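Peer 1: Sequence lines, in order, name chains A and B.
Residues in the first sequence are numbered from 1 upward in steps of one, following the working numbering.
Residues in the second sequence are numbered from 192 upward in steps of one, following the working numbering.
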Amino acid sequence: MELFSIFIGASLVSNIILANFLGICSFMGVSKKSSSALGMGFAVVFVITTSSMATWAIFHFLLVPFQLEFMRTIVFILVIATLVQFVEMYMKKNMQTLYKALGVYLPLITVNCAVLGAALLNIDRGFNFLGTVSSALGISLGYTLVIFIFSTIRERLELANTPRGFRGAPIALITAAIMAMAFFGFFGLGG
Amino acid sequence: MSSELAMESLDVVAPAGSKTKERFDYKGHFIKGVIVENPVFKMLLALCPVLGVTATLINGVGMGVIVIFALTVANAMVAIVSKFTPDEVRIPVFITIIATLITAIEMLVQAFLPNLFAALGIFLPLVVTNCILLGRAEAFAAKNKFLPSVVDGLSFGLGFALAVSLLSFIRELIGTGALNFFDLFYLRLFPQQFAIGLFVQPLGAFIALGLIIGVMFSFRLSKEEQEKKAATAQKTAKLAKSVA
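#1: When the Cβ atoms of the segment 385-398 of chain B are set against those of the segment 360-376 of chain B, are three or more pairs found closer than 8 angstroms?
#2: Are the C-beta atoms of arginine 154 (chain A) and some chain B residue less than 9 angstroms apart?
#3: Mind listing the chain B neighbours of methionine 28 (chain A)? Cutoff is C-beta to C-beta under 8 angstroms, in chain order.
#4: Can you say whether lysine 450 (chain B) is buried or exposed, counting buried as having 16 or more other CB atoms within 10 angstroms of its CB?
#5: Hey, out of B:Phe397, B:Lys419, B:Val318, whose CA is closest to proline 246 (chain B)'s CA?
#6: Tell me, please, which residues DSSP counts as bridged to alanine 369 (chain B).
#7: Compute the Euclidean distance between the alpha carbons of valine 151 (chain A) and valine 244 (chain B), then round it to the nearest angstrom.
#8: Alanine 261 (chain B): which of B:Ser409, B:Val300, B:Val406 sits nearest, CA to CA?
#9: Taking Cβ positions, are leucine 18 (chain A) and alanine 176 (chain A) nearer each other than 9 angstroms?
#10: Quick check: the Cα distance between glutamate 279 (chain B) and methionine 89 (chain A), rounded to an integer number of angstroms?
#11: Counting C-beta neighbours from all protein chains within 10 Å, is the total for asparagine 161 (chain A) 16 or more, i.e. buried, or is it exposed?
#12: Alpha carbon to alpha carbon, what distance is there between leucine 402 (chain B) and glutamate 363 (chain B)?
#13: Listing by chain order, which chain A residues have their CB less than 7 angstroms from the CB of valine 319 (chain B)?
#14: Can you check whether the C-beta of phenylalanine 347 (chain B) is within less than 9 angstroms of a C-beta belonging to chain A?
#15: What residues in its chain sit with their C-beta under 7 angstroms from that of phenylalanine 186 (chain A), if we drop five residues either side in the sequence?
#16: Going straight from the alpha carbon of valine 284 (chain B) to that of arginine 164 (chain A), what length do you get?
#17: For lysine 33 (chain A), I'd like the list of residues in its chain whose CB is within less than 8 angstroms of its CB, leaving aside the five on either flank, ordered along the chain.
#18: Between which two residues does the alpha helix (DSSP H) carrying valine 13 (chain A) extend?
#19: Along chain A, which residues have their Cβ under 9 angstroms away from the Cβ of methionine 298 (chain B)?
#20: Just the Cα atoms here: how many angstroms apart are serine 356 (chain B) and phenylalanine 308 (chain B)?
#21: Check whether the segment 219-238 of chain B touches the segment 42-60 of chain A, taking contact to mean three or more Cβ pairs, one atom from each stretch, closer than 8 angstroms.
#22: Decide if arginine 125 (chain A) is buried, meaning its Cβ has at least 16 other Cβ atoms within 10 Å, or exposed.
#23: Please identify, using Cβ separations under 9 angstroms, the residues of the segment 48-66 of chain A that lie next to chain B, in order along the chain.
#24: For aspartate 216 (chain B), name the three-state secondary structure that DSSP assigns.
#25: In the segment 95-111 of chain A, which residues sit with their C-beta less than 7 angstroms from some C-beta in chain B, listed in chain order?
#26: When you compare the CB of alanine 396 (chain B) with every CB in chain A, is at least one pair closer than 9 angstroms?
#27: Leucine 108 (chain A): buried (16+ other C-beta within 10 angstroms of its C-beta) or exposed?
#28: Output, in chain order, the set of chain A residues within a Cβ distance shorter than 9 angstroms of threonine 287 (chain B).
#29: Return the CA-CA distance between phenylalanine 331 (chain B) and threonine 263 (chain B), expressed in angstroms with no decimal places.
#30: Report the option in B:Ile286, B:Leu315, B:Ala310, B:Phe410 whose CA atom is closest to the CA atom of phenylalanine 232 (chain B).
#31: Compile a chain-ordered list of the residues in the segment 9-24 of chain A whose CB is closer than 9 angstroms to at least one CB of chain B.
#32: Closest to threonine 97 (chain A) by CA distance: which of A:Leu22, A:Ile123, A:Gly39 is it?
#33: For valine 75 (chain A), which residues in the same chain have their Cβ closer than 7 angstroms to its Cβ, ignoring the five residues on either side in sequence?
#34: Could you check which residue in B:Ile257, B:Leu242, B:Leu235, B:Val241 has the C-alpha nearest to that of leucine 345 (chain B)?
#35: Any C-beta of chain A within less than 7 angstroms: which residues of the segment 309-342 of chain B qualify?
#36: With burial defined as no fewer than 16 other Cβ atoms inside 10 Å of the residue's Cβ, what is the status of glutamine 383 (chain B): buried or exposed?
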């Protein structure tokens, strides 16, 4: 039950994009088409979940015993970069179809602050291993949900008659604000 | 995302590079970074900290100063190191340099400005993934000499700092009706009950930034239109003259 409330909290209540402002670059950049938004979303689910598990293990079995907690930023970003590279190589060899679907998005994920942010947030919130997994799943699925909904809205916005200066990024930001307002309604859900 | 954008901007920002013998145009490049190619309002880079830390003026200015410092030092270090790094491991090396630098800054801020450290929270370590840092390292510092890279870092850092300060100024002013700067300076412009609390909430950040960028785009569009109109008017006048 506790794991479920962690999941709900991470995905809906404090959504990583709309409440924590992480991963905005990819949120604005890859949301022009719903198919690419979904591709990016699933790549992020994969990378956030695996990297959060890896960074949890490294933090608690390596950094804490040697009192090197201050090194976590450097260690985490290197772990994420290496992991993304590994995942890419493994997929290319063994999972051709998945690689074709997600391949383009994988290199972009290294510099996606949602991934490093999720790893740091999970450590800051002091979860155990299972808590970290469910929180990472919640964060990444919340990211996918929001970026997919946003991309479908943007596809329709293309046809709307917006003032010329507001076309593109400005109207997208204001749309995101209205979505954030809607997600505000989840406040308090799951305790 | 960032490196892609950076590559795109490569041709625009550093066309000549340092290969030409001409003296590098420091002043022009500085203005380019601060205004013409403003990393936030023009290129829409590093939106996470821009939206995340701008609820109050102190946080916005603090973040701006940190980024100016980090970007200048990172550019300088990349400019020195890039000559000895093989091309294939370029990005990991740059990330390591930036991450080391940010860790040092994190510890400094924690020691000397504990309030700012608490307010910035997770966004301080996340400067590592700030698109501007890796973007400038990749697009400019790796290809240019030491001094131009320092100027580039200063100018783009200042551009970012100005954008963040402007946004946090607007948000704090509308959201609370007052401005508060390190307890040195307190200015109440209208009473609390007329403040729109929405603007210090997360969604206020989206609205404020969207409006600022939209208004800027509109201004630029109308200016371009005017110029075009003037140009065509001139052309027709010339034509009329030649016909006469």
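Every residue gets a Cβ at the ideal spot worked out from N, C-alpha and C, and that includes glycine.
Predicted model only: the values in this text are computed from it and were never measured.
Peer 2: Checking against the coordinates, here is how it stands:
#1: Because the criterion of three Cβ pairs below 8 angstroms is met, the segment 385-398 of chain B and the segment 360-376 of chain B touch.
#2: The residue labelled residue 154 (chain A) in the question sits at position 154 within the first sequence. Not closer than 9 angstroms to any Cβ of chain B, the Cβ of arginine 154 (chain A) fails to qualify, so no.
#3: Residue mapping note: residue 28 (chain A) aligns to position 28 of the first sequence, counting from 1. Listed along chain B, the residues sitting closer than 8 angstroms to methionine 28 (chain A) by beta-carbon distance are Leu235, Leu238.
#4: Residue 450 (chain B) lies beyond the range of chain B shown here (192 to 435); nothing can be said about it.
#5: As a working note, residue 246 (chain B) is residue 55 in the second sequence. Before going on, a small fix: residue 246 (chain B) reads as alanine here, not proline. Of B:Phe397, B:Lys419, B:Val318, the residue nearest in Cα terms is B:Phe397.
#6: Position 178 of the second sequence holds residue 369 (chain B). Per DSSP, B:Arg379.
#7: Sequence index remark: in the first sequence, residue 151 (chain A) carries index 151 (1-based). Sequence index remark: in the second sequence, residue 244 (chain B) carries index 53 (1-based). Contrary to the premise, residue 151 (chain A) reads as serine rather than valine in this sequence. About 25 angstroms.
#8: Taking the second sequence and counting its residues from 1, the one referred to as residue 261 (chain B) is at position 70. Nearest of B:Ser409, B:Val300, B:Val406 to alanine 261 (chain B), Cα basis: B:Val300.
#9: Within the first sequence, residue 18 (chain A) is the residue found at index 18, counting from 1. Within the first sequence, residue 176 (chain A) is the residue found at index 176, counting from 1. In this structure, the beta-carbon distance from leucine 18 (chain A) to alanine 176 (chain A) falls below 9 angstroms.
#10: On the second sequence, position 88 is the one that residue 279 (chain B) refers to. On the first sequence, position 89 is the one that residue 89 (chain A) refers to. CA-CA distance, glutamate 279 (chain B) to methionine 89 (chain A), rounds to 16 angstroms.
#11: As a working mapping, residue 161 (chain A) is identified with position 161 in the first sequence. Exposed, since its Cβ has fewer than 16 Cβ neighbours within 10 Å.
#12: As a first step, residue 363 (chain B) is located in the second sequence; it is residue number 172 there, counting from the start. As a first step, residue 402 (chain B) is located in the second sequence; it is residue number 211 there, counting from the start. Distance from the CA atom of glutamate 363 (chain B) to the CA atom of leucine 402 (chain B), rounded to whole angstroms, is 16 angstroms.
#13: The residue you call residue 319 (chain B) lines up with position 128 of the second sequence. Residues of chain A passing the Cβ test: Thr73, Ile77, Leu116.
#14: As a working note, residue 347 (chain B) is residue 156 in the second sequence. Taking 9 angstroms as the CB threshold, phenylalanine 347 (chain B) stays off the interface with chain A.
#15: As a first step, residue 186 (chain A) must be located in the first sequence, where it is residue number 186. Taken in chain order, the residues that qualify are Leu12, Val13.
#16: For the purposes of this step, residue 284 (chain B) is identified with residue 93 of the second sequence, where counting begins at 1. For the purposes of this step, residue 164 (chain A) is identified with residue 164 of the first sequence, where counting begins at 1. Here the alpha carbons of arginine 164 (chain A) and valine 284 (chain B) stand approximately 42 angstroms from one another.
#17: Residue numbering aside, residue 33 (chain A) sits at position 33 when the first sequence is read from its first letter. Taken in chain order, the residues that qualify are Ser151, Glu155.
#18: Indexing the first sequence from 1 puts residue 13 (chain A) at position 13. Counted as a single uninterrupted DSSP element, the stretch harbouring valine 13 (chain A) is not any alpha helix (DSSP H), since DSSP gives it neither H nor E.
#19: For the purposes of this step, residue 298 (chain B) is identified with residue 107 of the second sequence, where counting begins at 1. Listed along chain A are Phe70, each with a C-beta nearer than 9 angstroms to that of methionine 298 (chain B).
#20: Position 165 of the second sequence, counted from the start, is the residue given in the question as residue 356 (chain B). Position 117 of the second sequence, counted from the start, is the residue given in the question as residue 308 (chain B). Between serine 356 (chain B) and phenylalanine 308 (chain B), the C-alpha separation is close to 17 angstroms.
#21: Judged by Cβ distances under 8 angstroms, the segment 219-238 of chain B makes no contact with the segment 42-60 of chain A, as fewer than three pairs qualify.
#22: As a first step, residue 125 (chain A) is located in the first sequence; it is residue number 125 there, counting from the start. Of the other Cβ atoms in all chains shown, fewer than 16 fall within 10 Å of the Cβ of arginine 125 (chain A); this residue is therefore exposed.
#23: Here the close residues number zero.
#24: The count along the second sequence starts at 1 and reaches residue 216 (chain B) at position 25. Aspartate 216 (chain B): coil per DSSP, three-state reduction.
#25: Residues passing the 7 angstroms Cβ filter: Leu108, Val111.
#26: In the second sequence, residue 396 (chain B) corresponds to position 205, counting from 1. With 9 angstroms as the cut-off, alanine 396 (chain B) counts as an interface residue toward chain A.
#27: By 1-based counting over the first sequence, the position of residue 108 (chain A) is 108. It counts as buried.
#28: Start at 1 with the first residue of the second sequence, and residue 287 (chain B) comes out as number 96. Ordered by position in chain A, the residues that pass the 9 angstroms Cβ test against threonine 287 (chain B) are Ile74, Ile77, Leu78.
#29: Counting from 1 along the second sequence, the entry for residue 331 (chain B) is found at position 140. Counting from 1 along the second sequence, the entry for residue 263 (chain B) is found at position 72. Computed Cα separation, rounded: 12 angstroms.
#30: To locate residue 232 (chain B), count along the second sequence from 1; it is residue 41. The shortest C-alpha separation from phenylalanine 232 (chain B) is found at B:Phe410.
#31: Of all residues in the segment 9-24 of chain A, those with a C-beta nearer than 9 angstroms to a C-beta of chain B are Leu18, Ala19, Asn20, Phe21, Leu22, Gly23, Ile24, reading in chain order.
#32: Along the first sequence, one-based indexing puts residue 97 (chain A) at 97. Of A:Leu22, A:Ile123, A:Gly39, the residue nearest in Cα terms is A:Gly39.
#33: Residue mapping note: residue 75 (chain A) aligns to position 75 of the first sequence, counting from 1. So the qualifying residues of the chain are Ile58, Leu63.
#34: In the second sequence, the residue the question calls residue 345 (chain B) occupies position 154. The candidate whose alpha carbon is nearest that of leucine 345 (chain B) is B:Ile257.
#35: Considering only beta carbons, the part of the segment 309-342 of chain B lying closer than 7 angstroms to chain A consists of Ile313, Pro316, Leu317, Val319, Thr320, Cys322, Leu325, in chain order.
#36: As a position in the second sequence, residue 383 (chain B) is number 192, starting the count at 1. Around the C-beta of glutamine 383 (chain B), fewer than 16 other C-beta atoms lie within 10 Å, and the residue is accordingly described as exposed.
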